[in-house]
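Contents: one structure, followed by commentary.
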Amino acid sequence: MGARDVGLPDRARAEGLPDRVAIWEVGARDGLQNERAVVPVEVKLEFLDRLADAGLQTLEATSFVRPEWVPQLADAEELLAGLARRDGVRYPVLVPNERGLDRALAAGVEHIAVFGSATETFARRNLNRSLDEQYAMFEPVVTRARAEGLDVRAYVSMCFGDPWEGPVPAAQVAAVGARLLDMGCSQLSLGDTIGVATPGQVEALVRELAVQGVEQSVLAVHFHDTYGQALANTLTALRLGITTVDASAGGLGGCPYAESATGNLATEDLVWMLEGMGVETGVDLDKLVDTSAWLAGRLGRPSPSRVVRALRG
Ligand code: HMG
Ligand code: MG
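Residues in the sequence shown are numbered consecutively from 9, following the numbering used here.
Put into structure tokens, the structure is as follows:
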């Protein structure tokens, strides 16, 4: 049997899916925040540029968090100063508090994301705040950011399970999400931070959000692939009408404050599935795979993405 000439799946249009999916690429942030060694800023900049060249239009670039908490992203100012911004590409950053917002505004950022927790324990571990205190921290950030003309996304972490608290009730997650949207956030990304969700839970949460008045059109999904469920969960979300999917080039990722979190859904694995089902992504898979193979070389270990390994292994 000969090798494939073209690194693309054969196409069979699947029904009940959107024509196009917007990929929210988190590799430079969720991926690199978890590397043991700090990745040099030049490598991060080349990574972002290559991702844009591969056709990704939303590149979460870095975080303006307290540098002592995430030293891997302490170069946020330097990164943004060196960024060769491209037309049609957005470079959102994570911002937890007003100090972070000041830094992001000074760096010329146009799009931010606040990141809340669905559980008390993770709010304390990730933000050093209680659940209620997280709202008090985010509220002035969202209000001020919007007054400055910024777009604000909200994440909710630990939507499906928490390593300290166990299963997380959908109603609890939906209440956190609805509150963040009420503050003025334009999109809600549902984070399976430790990758424990299965499709029935995804369906239950999206339905619970609808009961609490949250439409699918404002939702995004953010799956980590710890148990190999990320694609199944994504497909479930797409069939429920969600059209924004977070993914990380090469399957990099994790969360420094949730030890059981492993890599995100790999962007290559997502693109392979979507292309195969006739859903447009605008991504050049060949260029993307080259980028992840290049970065894996810089990081000194192979990419966990199945598609990267199949095409370049
Ligand atoms: P804190 O230690 O409580 O800080 O951290 P504080 O508010 O008490 O302030 C103490 C000092 O830190 C002050 O300085 C502040 O100015 C400074 P001093 O007056 O003492 O000289 N400070 C800052 N400096 C720079 N930038 C800032 C900043 N904030 C305070 N932004 C804080 C509270 C929220 C800042 C901290 O807990 C933090 O940075 N947490 C971020 C943790 C993080 O980034 N986690 C990973 C991202 S979340 C994730 O990965 C999940 C996600 O992918 C979705 C999913 O998978 O579910 C999004
Ligand atoms: Mg994450």
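We treat Cβ as the ideally placed atom computed from N, Cα and C, and that holds for glycine.
Since this is a predicted model, take the numbers as computed values, not measurements.
query: N272 CB to nearest heavy atom of ligand 2 below 7 Å; result: yes
query: Contact test: V253 Cβ vs ligand 4 heavy atom, cutoff 7 Å; result: Here the bound small molecules are ligand 1 and ligand 2; ligand 4 is not part of this structure.
query: DSSP-derived helix/strand/coil call for R19; result: coil
query: Contact under 8 Å by Cβ, R161 with S194; result: yes
query: Contact set for S268: own chain, Cβ-Cβ below 6 Å, skip 5 residues either direction; result: P171 and I202
query: Close-in-space but distant-in-sequence residues of the same chain around V46 (CB under 7 Å, 5 per side omitted); result: P79 and Q80
query: Reduced DSSP secondary structure (H/G/I, E/B, other) of R247; result: helix
query: A20 burial status per 10 Å Cβ neighbour count (16 or more: buried); result: exposed
query: Inter-stretch contact (C-beta, 8 Å, three-pair minimum) for the segment 205 to 217 and the segment 231 to 246; result: yes
query: Opening and closing residue of the beta strand (DSSP E) in which L227 lies; result: L227 to F231
query: S194, DSSP secondary structure in three states; result: coil
query: Inter-residue spacing [alpha-carbon to alpha-carbon] between M285 and P17; result: 9 Å
query: L296 to P312 span [Cα, whole Å]; result: 14 Å
query: Spatial distance of Q65 from G174 (CA atoms); result: 35 Å
query: Inter-stretch contact at 8 Å, needing at least 3 Cβ pairs: the segment 211 to 221 / the segment 253 to 273; result: no
query: Through-space distance from P100 to E43, alpha-carbon basis; result: 20 Å
query: W77 CB to nearest heavy atom of ligand 1 below 7 Å; result: yes
query: Residue interval of the alpha helix (DSSP H) (run including V51); result: V49 to D61
query: Contacting residues, own chain, Cβ-Cβ under 8 Å from A212 (five flanking each side not counted); result: A178
query: According to DSSP, residues forming a beta bridge with T252; result: A30 and A228
query: Whole-Å CB distance - D38 paired with N272, under 8 Å assumed; result: 6 Å
query: Pair within 8 Å by beta-carbon distance, A126 and V184; result: yes
query: As assigned by DSSP and simplified to three states, the class of R317; result: helix
query: Any non-hydrogen atom of ligand 2 within 7 Å of G199 CB; result: yes
query: Proximity of F130 and A318 at Cβ, strictly below 8 Å; result: no
query: G35 versus C263: straight-line alpha-carbon distance, rounded; result: 12 Å
query: Buried versus exposed call for D140 [16 or more other C-beta atoms within 10 Å across all chains shown]; result: exposed
query: Closest by C-alpha distance to V176, when choosing among M191, V103 and D200; result: D200
query: Close-in-space but distant-in-sequence residues of the same chain around S300 (CB under 7 Å, 5 per side omitted); result: A257, G258, E276, S311, S313 and V316
query: Endpoints, alpha helix (DSSP H) assigned at Y143; result: L139 to A155
query: Between the CA atoms of E283 and L25 - distance to the nearest angstrom; result: 12 Å
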